[in-house]
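*Asks:* Top line first, the protein sequences correspond to chains A and B.
Start counting the first sequence at 173; every next residue gets the next number (the working numbering).
Start counting the second sequence at 708; every next residue gets the next number (the working numbering).
Beta carbons are placed, not taken as given, at the ideal position from N, Cα and C, and that holds for glycine.
Dumping the structure here so I can ask a few things about it.
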Amino acid sequence: MNEGCIPTKTLLRSAEVMHLVRDRSAEFGVRGIDPKSVSFDLAAAVARKDNIVAGIQAGIYKNLDRNKNITFMKGHAEFTSPVDIRIDGTLVTAENSVLAVGSQPAPYAIPGLKEAGFITNYEALKLEELPNSMIVIGGGYEGVEFAQMYARYGTAVTMLGRAPRVMPKEEPELSEKLGDILREEGVDLHTSTEVVRAGAENGARFVLVREAGSERRYEAEVLLLAVGRNARVENLGLSEAGVEMDGPYVGADRRLRTSASNIWSLGDANGGLMFTHRATYDGPIAALNIVKALGREVDYRVVPRAVFTEPTLASVGLTEAEARAQGHEVRVGTADFAGSGRAKAIGLPVGMVKLIADDGTGELLGGHILGPRADDLIHEVVTAMYKKGSAEAIAKSIHVHPTLSEVVKRAAKALR
Amino acid sequence: MSDAYDVAVIGAGQGGLPAAHMAANLGAKVLLVEDREVGGT
Ligand SMILES: Cc1cc2nc3c(=O)[nH]c(=O)nc-3n(C[C@H](O)[C@H](O)[C@H](O)COP(=O)(O)OP(=O)(O)OC[C@H]3O[C@@H](n4cnc5c(N)ncnc54)[C@H](O)[C@@H]3O)c2cc1C
Numbered sequence: 173m174n175e176g177c178i179p180t181k182t183l184l185r186s187a188e189v190m191h192l193v194r195d196r197s198a199e200f201g202v203r204g205i206d207p208k209s210v211s212f213d214l215a216a217a218v219a220r221k222d223n224i225v226a227g228i229q230a231g232i233y234k235n236l237d238r239n240k241n242i243t244f245m246k247g248h249a250e251f252t253s254p255v256d257i258r259i260d261g262t263l264v265t266a267e268n269s270v271l272a273v274g275s276q277p278a279p280y281a282i283p284g285l286k287e288a289g290f291i292t293n294y295e296a297l298k299l300e301e302l303p304n305s306m307i308v309i310g311g312g313y314e315g316v317e318f319a320q321m322y323a324r325y326g327t328a329v330t331m332l333g334r335a336p337r338v339m340p341k342e343e344p345e346l347s348e349k350l351g352d353i354l355r356e357e358g359v360d361l362h363t364s365t366e367v368v369r370a371g372a373e374n375g376a377r378f379v380l381v382r383e384a385g386s387e388r389r390y391e392a393e394v395l396l397l398a399v400g401r402n403a404r405v406e407n408l409g410l411s412e413a414g415v416e417m418d419g420p421y422v423g424a425d426r427r428l429r430t431s432a433s434n435i436w437s438l439g440d441a442n443g444g445l446m447f448t449h450r451a452t453y454d455g456p457i458a459a460l461n462i463v464k465a466l467g468r469e470v471d472y473r474v475v476p477r478a479v480f481t482e483p484t485l486a487s488v489g490l491t492e493a494e495a496r497a498q499g500h501e502v503r504v505g506t507a508d509f510a511g512s513g514r515a516k517a518i519g520l521p522v523g524m525v526k527l528i529a530d531d532g533t534g535e536l537l538g539g540h541i542l543g544p545r546a547d548d549l550i551h552e553v554v555t556a557m558y559k560k561g562s563a564e565a566i567a568k569s570i571h572v573h574p575t576l577s578e579v580v581k582r583a584a585k586a587l588r
Numbered sequence: 708m709s710d711a712y713d714v715a716v717i718g719a720g721q722g723g724l725p726a727a728h729m730a731a732n733l734g735a736k737v738l739l740v741e742d743r744e745v746g747g748t
């Protein structure tokens, strides 16, 4: 909420407005705008974001104040035993503890990077002066969101991904298409790259990259590192607490209990599905297991994912290849947004819906959407999958016309 | 003598806040600790 979801979505909206006004206003019949005279005031956009975040924070404090059973302390917590915690100078004891410590950018060992100087998501949401150029290292969701955001602001963005395409774990047709869209918007996207060295020279930063068998050099004012996140466990006293790690994440079982029987862990700290909606799902389960000893297990069978570029990429469940690899005979239904009157009306007739179902039972196994408002549209598929259902209800129920959801319905019909 | 709590929640982010509220609503005496800003990432 401070340097993730809401700030990025707020600033992506500024980028979207900038893009519409500068690049597309004439197409919609708006006159009097000279693209060359349109400029972007990043400080104003950041101030708008800060204002929104401050409002949400005030609400959080109000709710904490109201809850008489919660004592809030500002400070860094460090375990000195499984039940003893030091919070800066104050010592407390706790029968049970919950590690809700989240994640931080993973260290990235590129020679020269530290000396060259780089920023992460934290600073990228606070810059007040627009850089002329930026190299985004990392082709995951943070990378694509920041690349589109800054490119639309007006920064010359070079993007370096390690995998053969951006969002490599998503349905290939859709992530390939997202890469094409970023390129069309002017992002200089390079995939299958390996950054071998970074440095600074004559006021510009550079990276040396192994790419298609040769070594290339890219230069920019700013290097933005977006290459994944690890649990934030420095100076947390995990060994004193008896909590074991599982690689770069806290090791926890399906009841969210760690190797220390009175310490629990949730959200990003545990790795896997590093989303806010997973952390907010975990929270009450950990509390119920601690206070009521319910032994409840987390159920991550149906957890949707989204990347908030425009168009948005959202998905749930298995890709076609994953479903086949798991031994399913599959049926695939697709529909394009190019065939949607509403997508044309709003000027975004791009992308597609792809649904995957088991051929024998008809059960929906996965849904993948690249298109306008895919982040909202995916929930029709989520609901069907939660009920272990087929796509029948989506295909047969009456959908409002003209809406983007008609494209999801068309894909469901194509499954049969 | 240090203060004693039933449940200490480390981190007032997206997962810590609902964990703390739920534990408190179930009757536990909860301590919620945050070293940066409430709301988390
Ligand atoms: C750029 C970016 C964009 C994102 N966009 C989205 C999105 O659109 N949708 C989505 O679902 N997810 C998004 N995420 C991921 C999302 O932010 C995380 O999944 C979510 O915040 C995880 O919640 P959490 O409670 O596990 O951790 P956090 O929300 O990070 O909370 C952890 C808290 O613990 C505190 N803490 C850590 N250690 C200590 C300690 N020792 N003592 C005291 N306090 C401590 C931290 O300061 C922090 O406030 C994004 C992340 C990033 C970086």
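Beta carbon of A/Y453: closer than 8 Å to some heavy atom of ligand 3?
*Replies:* No copy of ligand 3 appears in this structure; the ligands present are ligand 1.
*Asks:* Counting only Cβ pairs nearer than 7 Å, list the residues of chain B close to A/L438.
*Replies:* Here the neighbours are G722 and A726.
*Asks:* Less than 9 Å separating the beta-carbons of A/A403 and A/Y421?
*Replies:* It is a contact, given that the beta carbons lie within the stated cut-off.
*Asks:* From the DSSP output, which residues share a beta bridge with A/F378?
*Replies:* Paired residue(s): A/G371 and A/E391.
*Asks:* Between A/A441 and chain B, is any beta-carbon pair separated by less than 9 Å?
*Replies:* At least one chain B Cβ lies under 9 Å of A/A441.
*Asks:* Is the beta carbon of B/A711 closer than 9 Å to that of B/L739?
*Replies:* Going by C-beta atoms, B/L739 is not nearer than 9 Å to B/A711.
*Asks:* According to the Cβ coordinates, are A/T491 and A/I528 closer than 9 Å?
*Replies:* Cβ atoms of A/T491 and A/I528: closer than 9 Å.
*Asks:* Taking C-beta to C-beta, are A/I242 and B/H728 nearer than 9 Å?
*Replies:* A contact, by the Cβ cut-off of 9 Å.
*Asks:* Starting from the beta carbon of A/Y322, find every residue of chain B whose beta carbon is closer than 9 Å, and list them in chain order.
*Replies:* Per Cβ cutoff of 9 Å: no residues; A/Y322 is ~20 Å from chain B at best.
*Asks:* For A/I291, go through chain B and note every residue whose CB falls closer than 9 Å to its CB, in chain order.
*Replies:* Those within 9 Å of A/I291 in chain B number zero; the least Cβ separation is about 16 Å.
*Asks:* When every heavy atom of ligand 1 is checked, does at least one fall within less than 8 Å of the C-beta of A/S275?
*Replies:* Checking the Cβ of A/S275 against ligand 1 gives yes.
*Asks:* Excluding five sequence neighbours on each side, which residues of the same chain lie with their C-beta closer than 7 Å to the C-beta of A/Y558?
*Replies:* Excluding residues within five positions, the ones whose Cβ falls inside 7 Å are V474.
*Asks:* Taking Cβ positions only, does A/P476 come closer than 9 Å to chain B?
*Replies:* Judged by the 9 Å Cβ criterion, A/P476 is not in contact with chain B.
*Asks:* As a quick exercise: from B/G722, B/G718, B/S709 and B/D713, pick the residue whose alpha carbon is nearest that of A/G439.
*Replies:* Checked all of B/G722, B/G718, B/S709 and B/D713; the closest Cα to A/G439 is B/G722.
*Asks:* In chain B, which residues lie with their C-beta within 7 Å of the C-beta of A/Y233?
*Replies:* What A/Y233 touches in chain B: V745.
*Asks:* Which stretch, first to last residue, makes up the beta strand (DSSP E) that contains A/G543?
*Replies:* First-last of the beta strand (DSSP E) with A/G543: L536 to G543.
*Asks:* Under the DSSP definition of a beta bridge, which residues are partnered with A/Q276?
*Replies:* A/N402.
*Asks:* Select from the region 238-261 of chain A all residues with a C-beta closer than 7 Å to any C-beta belonging to chain D, and list them in chain order.
*Replies:* Among the protein chains of the structure shown, namely A and B, there is no chain D.
*Asks:* Do the CB positions of A/V399 and A/Y322 come within less than 9 Å of each other?
*Replies:* No, they are not a contact pair.
*Asks:* Within the same chain, show all residues whose beta-carbon is closer than 8 Å to that of A/T533, passing over the 5 residues directly before and after it, in chain order.
*Replies:* So the list reads S562, once near-sequence residues are dropped.
*Asks:* Using C-beta distances below 7 Å, list every residue in its chain close to A/R355, excluding the 5 sequence neighbours before and after it, in chain order.
*Replies:* Excluding residues within five positions, the ones whose Cβ falls inside 7 Å are L361.
*Asks:* Alpha carbon to alpha carbon, what distance is there between A/T448 and A/A230?
*Replies:* Rounded to whole angstroms, A/A230 to A/T448 spans 19 Å at the Cα level.
*Asks:* Which residues in chain B sit within 9 Å of A/M173, going by Cβ to Cβ distance?
*Replies:* In chain order: G720, Q721, E744, V745, G746, G747 and T748.
*Asks:* If you draw a straight line from the C-alpha of A/R388 to the C-alpha of A/A376, how long is it?
*Replies:* The alpha-carbon atoms of A/R388 and A/A376 are separated by roughly 16 Å.
*Asks:* Taking 9 Å as the CB-CB cut-off, is A/D425 touching chain B?
*Replies:* No, no contact with chain B.
*Asks:* Span of the alpha helix (DSSP H) holding B/A715?
*Replies:* Unbroken run through B/A715 is the beta strand (DSSP E), D710 to I717; no alpha helix (DSSP H).
*Asks:* When you compare the CB of A/E412 with every CB in chain B, is at least one pair closer than 9 Å?
*Replies:* It does not; no Cβ of chain B falls within 9 Å.
*Asks:* Could one say the Cβ of A/I462 lies closer than 9 Å to chain B's Cβ atoms, at least one of them?
*Replies:* A/I462 counts as touching chain B.
*Asks:* Starting from A/T599, find everything on chain B with Cβ-Cβ shorter than 9 Å and list it in chain order.
*Replies:* Absent from the structure is residue 599 of chain A, since the part of chain A shown begins at 173 and ends at 588.
*Asks:* So which of A/R324, A/E343, A/G326 and A/A319 has the shortest CA-CA distance to A/G333?
*Replies:* Ranking the options by Cα distance to A/G333, first place goes to A/A319.
*Asks:* Under 7 Å Cβ-Cβ, which residues of chain B neighbour A/T182?
*Replies:* By Cβ distance, chain B contributes nothing, its closest Cβ being about 13 Å from A/T182, past 7 Å.
*Asks:* Among residues of its own chain, excluding the 5 on either side of A/G326, which ones have a beta-carbon nearer than 7 Å to its beta-carbon?
*Replies:* Hits under 7 Å: F212 and L302.
*Asks:* Please report the distance separating the alpha-carbon of A/F244 from that of B/D713.
*Replies:* Those two C-alpha atoms are separated by around 14 Å.
*Asks:* Where A/E383 and A/R582 are concerned, what is the direct C-alpha to C-alpha distance, given to the nearest angstrom?
*Replies:* Each residue's alpha carbon lies about 40 Å from the other.
*Asks:* Evaluate contact between the region 451-466 of chain A and the region 479-495 of chain A, counting only Cβ atoms and requiring at least three cross-stretch pairs below 8 Å.
*Replies:* No contact exists between the region 451-466 of chain A and the region 479-495 of chain A.
*Asks:* Let me check understanding here. Comparing Cα to Cα, which of A/A296, A/R196, A/L428 and A/E482 lies closest to A/G469?
*Replies:* Contrary to the premise, residue 469 of chain A reads as Glu rather than Gly in this sequence. Comparing Cα-Cα distances from A/E469 to each of A/A296, A/R196, A/L428 and A/E482, the minimum goes to A/L428.
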